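Top to bottom, those sequences are chains Y and U. Counted the way this note's numbering counts, the first sequence spans residues 5 to 155. Counted the way this note's numbering counts, the second sequence spans residues 6 to 88. In what follows, a structure is listed as structure tokens, so that the remarks can point back to it.
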Amino acid sequence: MIRVSVDPAPIDLASELAGVDELGAGAVATFTGIVRGDDGVTCLELEHYPGMTEAALCDLAEQAAARWSLLSAVVIHRVGPMTPGDRVVFIATAATHRRAALDACAYLIDRLKTNAPFWKREHRGLVTAWVEARAGDHQAAARWADQSAPD
Amino acid sequence: MRVLYFAWVREQIGMSEESVDPPEAVCTVADLAEWLKDRTPGHATALRDLTRLRAAVDQQFVPLDSTLGNAKEVAIFPPVTGG
Numbered sequence: 005m006i007r008v009s010v011d012p013a014p015i016d017l018a019s020e021l022a023g024v025d026e027l028g029a030g031a032v033a034t035f036t037g038i039v040r041g042d043d044g045v046t047c048l049e050l051e052h053y054p055g056m057t058e059a060a061l062c063d064l065a066e067q068a069a070a071r072w073s074l075l076s077a078v079v080i081h082r083v084g085p086m087t088p089g090d091r092v093v094f095i096a097t098a099a100t101h102r103r104a105a106l107d108a109c110a111y112l113i114d115r116l117k118t119n120a121p122f123w124k125r126e127h128r129g130l131v132t133a134w135v136e137a138r139a140g141d142h143q144a145a146a147r148w149a150d151q152s153a154p155d
Numbered sequence: 006m007r008v009l010y011f012a013w014v015r016e017q018i019g020m021s022e023e024s025v026d027p028p029e030a031v032c033t034v035a036d037l038a039e040w041l042k043d044r045t046p047g048h049a050t051a052l053r054d055l056t057r058l059r060a061a062v063d064q065q066f067v068p069l070d071s072t073l074g075n076a077k078e079v080a081i082f083p084p085v086t087g088g
């Protein structure tokens, strides 16, 4: 099962996970990204490219599912305005064994950061600033290209 | 061709999309950005430094030197920052 969603609604962990751990997998790994309130951030806004975003997330989920023989891959990204403490992204992967589930989950969040059309803007009170891309994100995404699929 | 802008590119240009009909000499995404610069001061500001820009042609990420071909939709935006 592959499921992706790009939605301004809050991410409900229990409902997103419900379908994943009912498939008889031996392992489920999840990643939740949460808006940080450091440096005085009062609001985080996520803009995206409707249509292309969903296709890019589906593409990543299908690549992960094929590479690690996943039973399930779920990628949920919230968009619009959020406040510190809100969940911005949720990923769940289900596989027969833990290594595949954990690696696929890490792959999906690393690749999502560089391969899906989202843009973040931070608000600090009335001051807003677009977030700059980080070189470390590209290194994290690139490491997956250097590794072959697990046996 | 439809051209879409996102994030600060959209803000500086002052619109999220427009319909354009570039001349034949405009072959690549970079050519298109150069050509669009003349439209308004906002375009000139947003598209001034191509190294700060990324692009998609028909909803696929592409390098700026890729050719437009028969593209229906081109998007120009800053490096992505999701997750």
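Even glycine gets a Cβ: it sits at the ideal position worked out from N, Cα and C. The structure displayed is predicted, hence computed values, not measured ones.
Which listed residue (the options) has its alpha carbon closest to that of residue i
i              : options                       : result
L61 (chain Y)  : Y:P121, Y:I38, Y:A98          : Y:P121
R59 (chain U)  : Y:T118, Y:F35, Y:G55          : Y:T118
A133 (chain Y) : U:Y10, U:G74, U:S24, U:E16    : U:E16
P14 (chain Y)  : Y:V92, Y:K124, Y:A29, Y:L130  : Y:V92
T33 (chain U)  : U:S21, U:A80, U:T86           : U:A80
Q67 (chain Y)  : Y:E126, Y:R125, Y:C109        : Y:C109
A144 (chain Y) : Y:V131, Y:R115, Y:E136        : Y:R115
L75 (chain Y)  : Y:L27, Y:S19, Y:A137          : Y:L27
K77 (chain U)  : U:S24, U:F11, U:A12           : U:S24
A69 (chain Y)  : Y:A98, Y:E126, Y:A59, Y:A31   : Y:A98
D43 (chain Y)  : Y:A105, Y:A149, Y:H127, Y:F35 : Y:H127
D36 (chain U)  : U:Y10, U:T72, U:P84           : U:T72
L9 (chain U)   : U:H48, U:G88, U:R53           : U:H48
W72 (chain Y)  : Y:F35, Y:V79, Y:Y111, Y:M56   : Y:Y111
H101 (chain Y) : Y:E58, Y:M5, Y:G41, Y:A33     : Y:A33
V78 (chain Y)  : Y:F94, Y:G129, Y:P88, Y:G89   : Y:F94
I18 (chain U)  : U:L52, U:Q65, U:A61, U:R57    : U:L52
D107 (chain Y) : Y:G140, Y:A31, Y:G89, Y:E49   : Y:A31
Y53 (chain Y)  : Y:V10, Y:V135, Y:D141, Y:A149 : Y:V10
Sheet register partners of residue i (DSSP bridge)
i              : result
L9 (chain U)   : U:E22, U:A80
Q17 (chain U)  : Answer is none; Q17 (chain U) lacks a bridge partner.
V93 (chain Y)  : Y:G37, Y:H81
W169 (chain Y) : Because chain Y is modelled from 5 through 155, residue 169 (chain Y) falls outside the range shown and cannot be assessed.
V32 (chain Y)  : Y:A98
A61 (chain U)  : U:F66, U:A80
T45 (chain U)  : According to DSSP, T45 (chain U) bridges with nothing at all.
T72 (chain U)  : U:T33
Residue i - containing beta strand (DSSP E), residue span
i              : result
K124 (chain Y) : 122-128
Q143 (chain Y) : First-last for Q143 (chain Y): 139-146, but that is the alpha helix (DSSP H), not the beta strand (DSSP E).
D11 (chain Y)  : 6-11
Host alpha helix (DSSP H) of residue i (start-end)
i              : result
I113 (chain Y) : 102-119
A38 (chain U)  : 34-41
D17 (chain Y)  : For clarity, residue 17 (chain Y) is Leu in the given sequence; the question names Asp instead. Its alpha helix (DSSP H) spans residues 17-22.
Exposed unless 16 or more other CB atoms sit within 10 angstroms - verdict on residue i
i              : result
T86 (chain U)  : buried
K124 (chain Y) : buried
P154 (chain Y) : The predicted position of P154 (chain Y) is uncertain, since its pLDDT is 45 and thus under 50; a value taken from the coordinates is nonetheless stated next. Exposed, because fewer than 16 other Cβ atoms sit within 10 Å of the Cβ of P154 (chain Y).
G37 (chain Y)  : buried
G74 (chain U)  : exposed
M86 (chain Y)  : buried
R138 (chain Y) : exposed
H81 (chain Y)  : buried
V131 (chain Y) : exposed
D16 (chain Y)  : exposed
P83 (chain U)  : buried
M20 (chain U)  : exposed
Notebook entry, point to check: For the region 46-82 of chain Y, which segments carrying the alpha helix (DSSP H) assignment without a break, of at least 4 residues, lie completely within its bounds, in sequence order?
Noted result: Fully enclosed alpha helix (DSSP H) runs of no fewer than 4 residues occupy 56-71 of the region 46-82 of chain Y, in order along the chain.
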